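Peer 1: In the numbering used here, the protein residues as written are -3 to 322. Ideal Cβ positions, reconstructed from N, Cα and C, are used throughout, including at glycine. Just so you know, these numbers come straight off a predicted model, no measurement behind them.
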Amino acid sequence: MLKTRFTELMGIEHPICQGGMQWVAKADLAAAVSNGGGLGIMTALTQPDPDALIKEVERCRTMTDKPFGVNLTILPSLKPIPHAEYAQAIIDSGVKIVETAGNNPGKFIDMFKAAGIKVIHKCTAVRHALTAQRLGVDAISIDGFECAGHVGEDDITNQILIPLAVDALDIPVIGSGGFGEGRQLAAALALGAEGINMGTRFMATKEAPIHDAVKQRLVDAGERDSILIMRALRNTSRVFRNTVSEQVAQIEKEKGMAFEIGDVAELVAGARGKNVYGTGDVEEGMWSAGMVAGVIHDVPTCKELIERIVSDAEEVIRGRMAKLVA
Ligand code: NAD
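If you want it as structure tokens, here you go:
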């Protein structure tokens, strides 16, 4: 067992949180992670509307009696998103853990806290983490440049970000981005983190509600199979390298400073990327994946994965590391 301030705060067995991945983080995956002793997270915006989110939370409760949370991401989008209505639905659903991400969570913190909800804020910079702490969040998920999806604009890896965040903050910090193995969990703990958040690694699990071909593509992929797009819009995203994302990167390069979202909207649309997970055609649209693909070699159950990571981390800490001390 690895007991940390994060496991205590969240009431979970293992210091492993599952990332709120758009189109992937549904009740099935969140329940499987929570049943495996980690913290499962469902993504609010994956549900078509706030009422559907409430029903999805109810569905999750039928599959687990362990703690789980809901992710609310606030980012630019092609169609307007009623974030405040999703936030209210989270409160109405009775969920007691929320992960905010993408932008300053300020306008929702007071309503979540008043409802007795614990808030984890995910961000890519120490200065943003300090703001979130001041606003009253309970924990920070610090998202290194290795991560999938929205990496921020600073390009700081976890090797630097985690120790700096831990030194700057009083609340518990977990490391996010690039994590998938026990030795990496041990490394995150050595850097001062109280746990890890994993997104892409949980996509390659039996319970992830996506096509097997996508899981196999992650197993086959290496650490160089992601690509950064949308830097020109200051909304940089790390996505899987395929013909669609390479086309987006090429258009961005050609347009330079004149690049606009309208130049690639049809290519990057989430609705198109969503199809990838349903059909298994990994070239059909843009989909998020991190550098961690390089260390994904199999498709276990969530419970098997969590238990393996924790026992490998324990072995590193108790065995290899302890023996190094002369
Ligand atoms: P979408 O189809 O609205 O947009 C596709 C991509 O283009 C997204 O990365 C989006 O941020 C970006 N984008 C859209 N309009 C933009 C603009 N005006 N300027 C810069 N970038 C722009 O996205 P979607 O896949 O339907 O997702 C809906 C929302 O959820 C988006 O805001 C998206 O960023 C966010 N999201 C959440 C997660 C998560 O893990 N919770 C992951 C990915 C995306």
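Only counting the same chain, and skipping five residues up and downstream in sequence, which positions put a Cβ closer than 7 Å to that of Met194?
Peer 2: The residues are Ile12, Gln14, Gly15, Phe175 and Gly176.
Peer 1: With distance defined between alpha-carbon atoms, name the residue in Gly315, Ser89 and Thr239 nearest to Arg179.
Peer 2: Gly315
Peer 1: State the Cα-Cα distance for the pair Leu157 and Asp259, rounded to the nearest angstrom.
Peer 2: Using only the alpha carbons, I get a separation of about 33 Å.
Peer 1: Report buried or exposed for Pro76, applying the criterion of at least 16 other Cβ atoms within 10 angstroms of its Cβ.
Peer 2: exposed
Peer 1: Going by CA-CA distance only, name the one from Gly286, Lys103, Ile313 and Met17 that's closest to Thr153.
Peer 2: Nearest C-alpha to Thr153: Gly286.
Peer 1: Is any beta-carbon of chain C found at less than 8 Å from that of Pro296?
Peer 2: Although the question refers to chain C, the structure presented lacks it and comprises just one protein chain.
Peer 1: Pick out whichever of Glu81, Leu41 and Met59 has its Cα sitting closest to the Cα of Leu71.
Peer 2: Leu41
Peer 1: Give the straight-line distance between the Cα atoms of Val306 and Thr0, rounded to the nearest whole angstrom.
Peer 2: 13 Å
Peer 1: Could you tell me the boundaries of the alpha helix (DSSP H) in which Cys56 lies?
Peer 2: Pro46 to Met59
Peer 1: May I ask you to check if the CB of Pro72 is nearer than 7 Å to at least one heavy atom of the ligand NAD?
Peer 2: Yes.
Peer 1: Hey, how far is the Cα of Leu185 from the Cα of Gly191?
Peer 2: 7 Å
Peer 1: Give the straight-line distance between the Cα atoms of Ala326 and Val321, rounded to the nearest whole angstrom.
Peer 2: Limits of the chain in this structure are -3 at one end and 322 at the other, which puts residue 326 out of reach.
Peer 1: Thinking just about the alpha-carbon of each residue, which of Val272, Met282 and Ala83 is nearest to the one in Glu262?
Peer 2: Met282
Peer 1: If we call anything under 8 Å between Cβ atoms a contact, is Ile167 one with Ala135?
Peer 2: yes
Peer 1: When the distance is taken between beta carbons, is Gly173 closer than 8 Å to Glu142?
Peer 2: yes
Peer 1: My guess is that Arg234 and Gly145 are in contact by the Cβ rule of under 8 Å, so how many angstroms apart are they, rounded?
Peer 2: The pair is a contact, with the Cβ atoms about 6 Å apart (cut-off 8 Å).
Peer 1: Measure the C-alpha to C-alpha separation of Leu229 and Ala125 and round it to an integer number of angstroms.
Peer 2: Leu229 and Ala125: Cα-Cα distance of roughly 22 Å.
Peer 1: So, helix, strand or coil for Asp2, using DSSP?
Peer 2: First, the amino acid is wrong: residue 2 is Phe here, not Asp. Three-state DSSP puts Phe2 in a helix.
Peer 1: Since Gln14 sits in a beta bridge, which residues does DSSP pair it with?
Peer 2: Met194
Peer 1: On the premise that Val122 lies in contact with Ala183, defined as a C-beta separation below 8 Å, what is that separation, rounded to the nearest angstrom?
Peer 2: That belief does not hold up - the Cβ atoms of Ala183 and Val122 are roughly 19 Å apart, past 8 Å.
Peer 1: Taking the alpha helix (DSSP H) that Lys118 falls in, what are its first and last residues?
Peer 2: Per DSSP, Lys118 belongs to no alpha helix (DSSP H); it is in the beta strand (DSSP E), Lys114 to Cys119.
Peer 1: Helix, strand or coil for Ser73, going by three-state DSSP, please let me know.
Peer 2: coil
Peer 1: Mind checking whether the beta-carbon of Ile206 lies closer than 7 Å to any heavy atom of the ligand NAD?
Peer 2: no
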